Structure formats: C-alpha cells, structure tokens
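Quick notes on the structure that follows.
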Amino acid sequence: MIVSDCWQDYALLEAAEGEKVERWGKYVLRRPDPQAIWRMDKPLRSRVDGFYHRSNRGGGSWEFFTNMPERWTVSMDDLSFYVRPTGFKHTGLFPEQAANWRFIRSHTKKGDKVLNLFAYTGGATLAALAGGADVVHVDASKGMVAWAKENVALSGLADRYVRFIVDDCEKFVQRELRRGNRYDGIIMDPPSYGRGPGGEMWKLEDKIFDFIRLSAQLLTDKPSFFVLNSYTTGLAPTVLKNMISLAVVPRVGGQCMADEIGLPIGNSGLVLPCGATARWEP
Ligand SMILES: C[S@@+](CC[C@H](N)C(=O)[O-])C[C@H]1O[C@@H](n2cnc3c(N)ncnc32)[C@H](O)[C@@H]1O
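Following this note's numbering, the numbering of the sequence shown begins with 306 at its first residue and continues without gaps.
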C-alpha cells in the first residue's frame with residue numbers, strides 16, 4: 306500500500322460507519338466515505354466544524370457549527386493549497402495524492418515537460434513545477450483550472466512556466482499528437498465518469514486503455530515518469546499495471562509498479578484505501 310503519511314497540516318482522524326473525520330489545518334470536517342464500512346468501539350465524534358449530510362435523493366449539503374471561513378489554506382512540504390468545502394462533499398484536494406506528488410517531484414528533472422491530465426486543482430502540477438518542470442495542466446472545468454491557478458500563485462510558483470488548458474483530455478492529446486509535441490512526464494487521474502467542456506462523455510472502463518495508449522505516444526524517447534491514478538471502485542492496481550505494461554513499456558522500456566493508495570487513520574494503525582495508482586519509471 307502506498308500510504309500518504311507525510312502531512313502535517315492534514316490528518317484523517319477517524320473513519321468508520323461510512324464516514325470519515327479529517328483535520329484540515331485547524332478545522333475539522335466530517336463527510337461520507339463509502340470504503341469505511343466497519344464500526345469502531347466508540348462512535349465517530351460529532352463535535353466538528355463542518356458536517357456533510359448526504360441526502361437520500363443523492364448529493365447532500367454541508368452544515369457548519371462554527372464560524373469558519375469560506376476557504377482556508379493547508380500546506381504539504383512547501384506546496385500550499387486552498388481548501389473549500391464544495392457542493393459534492395469535496396474540499397478541492399485529494400490528500401491521499403501527497404505520496405504521488407512526492408514521487409513526481411523526485412522524478413522530475415529541471416527543464417522536463419510534464420502533461421497533467423484531469424488535473425483538477427493542480428496538486429500534481431505544483432509538484433512537477435517545484436521539481437523544475439514546465440507543465441501543461443488540462444481539465445474540463447473552468448472553475449477547477451481557476452482554482453489551480455490560485456494554488457500555483459499561493460505556492461510562490463507563478464514565475465514558472467505552466468499552461469492552463471480548459472478542454473476535453475482526449476481531444477487535447479489527439480491535437481498534441483498532430484502538433485508533434487512530446488512530454489517527459491505524464492500524469493492522469495481520470496474520474497470514473499466525466500464530461501468534457503463540449504459534453505464529451507468519459508466512462509473510465511470503456512476509455513482508459515485506449516487513452517493510455519494514445520497518451521503514451523506523447524512520451525519522449527527517454528521519459529522521466531508516467532503516473533496513472535484511479536478512484537474507480539473495484540479497479541485493482543494490477544489492472545493499472547497491466548495497461549501501463551502493455552502501452553508504455555514496449556515503447557520506452559523501464560519498469561512499472563502499482564498498488565493501492567491510502568491514508569493512515571489517526572494512530573489506529575489502520576489505513577483508509579482511497580484508490581489505486583500505477584507508476585512507470587525508467
Ligand atoms: C478526480 S478529479 C482529478 C483529481 C486530481 N488529479 C487531483 O488529485 O488533484 C477529476 C477531474 O477530471 C475532470 N474531467 C472530467 N472529465 C473530463 C474530460 N473529459 N476531460 C478533461 N477533464 C475532465 C474534472 O473536471 C475533475 O477536475
């Protein structure tokens with residue numbers, strides 16, 4: 306298991322009964338987590354700053370018990386992020402990705418060109434920029450791209466080269482191939498379901514293998530890394546490893562590992578699984 310136990314400013318305090326309690330800086334939030342199906346001896350704490358109530362009509366809403374700001378910041382290493390509870394129980398950050406940000410940063414060489422696909426609020430973009438890369442950040446959502454821009458400025462990286470693209474990832478990769486652009490590092494963290502800005506449908510199981518093969522053609526002859534992350538329940542790490550082994554290794558050699566990725570639960574010794582990750586390196 307790849308465990309993101311490198312946070313000071315964030316902690317997963319408890320997880321059970323389909324919920325998790327997290328400290329984000331000085332604020333404590335409680336929200337649903339479908340993986341946490343077990344029960345602990347004592348009930349989950351309810352004295353929190355914010356509580357996301359699921360509605361049985363799908364979705365849900367936040368209830369705030371203290372006078373907390375609409376958004377605040379948390380840091381990991383020297384990278385900083387804005388956190389804001391959003392409509393869909395999200396907060397603008399996937400803290401379990403911290404281990405991948407460290408991998409990306411340590412495998413980035415100065416001057417590398419890195420492509421971050423389904424890039425959301427830019428955690429991996431910050432890591433690659435801090436590693437000395439020029440980055441192309443692609444996401445279908447204008448709002449997420451704007452949020453990523455703010456995170457880059459907040460982390461003091463606004464002087465670095467980063468291109469922000471609001472587009473469908475498949476369309477963008479096809480265009481980059483036609484243009485003959487090449488990348489030393491590729492990161493993709495697709496949702497299970499998604500839509501491009503033009504309504505392009507994305508269903509992971511149907512699309513991911515061909516998309517990895519397409520994107521692998523954008524790699525330079527001596528690339529630095531390829532990171533694939535998935536939140537899709539039931540998609541085993543070995544599936545990700547097989548796809549990278551079939552689509553990337555024949556092109557550029559190297560090796561690939563894959564494993565679950567997760568967060569330590571307080572000091573219980575337990576880990577909350579948060580998805581799967583595959584990493585290719587030379
Ligand atoms: C799960 S998030 C990615 C999380 C991110 N990698 C992180 O850890 O910071 C998925 C992102 O994919 C974007 N997205 C969904 N469908 C897309 C598409 N067809 N093309 C481009 N982006 C898409 C969504 O806007 C969302 O920001």
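For each residue, glycine too, the CB sits at the ideal point set by N, CA and C. Quantities reported herein were computed from a predicted structural model and do not represent experimental measurements.
On the three-state DSSP scale, how would you describe residue i?
i: GLN560; result: strand
i: ARG362; result: coil
i: MET345; result: coil
i: MET506; result: strand
i: MET548; result: helix
i: VAL252; result: Residue 252 cannot be examined here, being either before or after the span of the chain that is shown, 306 to 587.
i: ARG335; result: strand
i: LEU540; result: coil
i: TRP585; result: strand
i: VAL457; result: helix
i: ASN405; result: helix
i: GLU327; result: strand
i: ALA628; result: With the chain covering only 306 through 587, there is no way to say anything about residue 628.
i: LEU431; result: helix
i: VAL353; result: coil
i: ASP473; result: coil
i: ASP444; result: strand
i: LYS418; result: strand
i: SER520; result: helix
Taking DSSP's pairing of strands, which residues face residue i in a bridge?
i: GLY436; result: For GLY436, which the question treats as bridged, DSSP gives no partner whatsoever.
i: MET449; result: None; MET449 has no bridge partner.
i: GLY567; result: VAL308 and PRO578
i: ASN534; result: THR582
Taking 8 Å as the cut-off, decide whether the C-beta atoms of residue i and residue j are in contact.
i: TYR387; j: LEU459; result: yes
i: VAL440; j: VAL467; result: yes
i: ALA341; j: ALA321; result: yes
i: ALA404; j: VAL557; result: no
i: GLU368; j: LEU349; result: no
i: ALA438; j: GLN402; result: no
i: ALA453; j: ALA424; result: yes
i: PRO400; j: GLY355; result: no
i: ASN456; j: GLY427; result: yes
i: ALA589; j: ASP472; result: Only positions 306 to 587 of the chain appear in this structure, which leaves residue 589 out of reach.
i: ALA521; j: LYS546; result: no
i: LEU551; j: LEU523; result: no
i: MET493; j: PHE514; result: no
Would a check of beta-carbon distances place residue i closer than 8 Å to chain C?
i: GLY355; result: Protein chain content of the structure displayed is limited to a single chain, and chain C is not contained in it.
> Counting pairs of Cβ atoms below 8 Å between the region 329 to 346 and the region 521 to 528, do you hit three or more?
Replying inline: Contact fails: fewer than three Cβ-Cβ distances are below 8 Å.
>> Just to be sure I understand the criterion: a residue counts if its Cβ is closer than 5 Å to at least one heavy atom of ligand 1. Which residues meet that?
In response: Selection output, chain order preserved: PHE399, GLN402, PHE423, TYR425, GLY428, ASP444, ALA445, SER446, MET449, ASP473, CYS474, ASP494, PRO496, GLY499, GLY501 and TRP507.
>> Check whether the region 464 to 484 and the region 380 to 396 are in contact - that is, three or more C-beta pairs closer than 8 Å.
In response: The region 464 to 484 vs the region 380 to 396: no contact.
>> Check whether the region 486 to 506 and the region 412 to 422 are in contact - that is, three or more C-beta pairs closer than 8 Å.
In response: Judged by Cβ distances under 8 Å, the region 486 to 506 makes contact with the region 412 to 422, as three or more pairs qualify.
> Are there three or more Cβ pairs, one per stretch, closer than 8 Å when the region 580 to 587 is compared with the region 530 to 543?
Replying inline: In this structure the region 580 to 587 lies against the region 530 to 543, because at least three pairs of beta carbons, one per stretch, are closer than 8 Å.
> Would the region 499 to 514 and the region 367 to 383 be scored as touching if the rule is three or more Cβ pairs under 8 Å?
Replying inline: Contact between the region 499 to 514 and the region 367 to 383 is not established, with fewer than three Cβ pairs separated by less than 8 Å.
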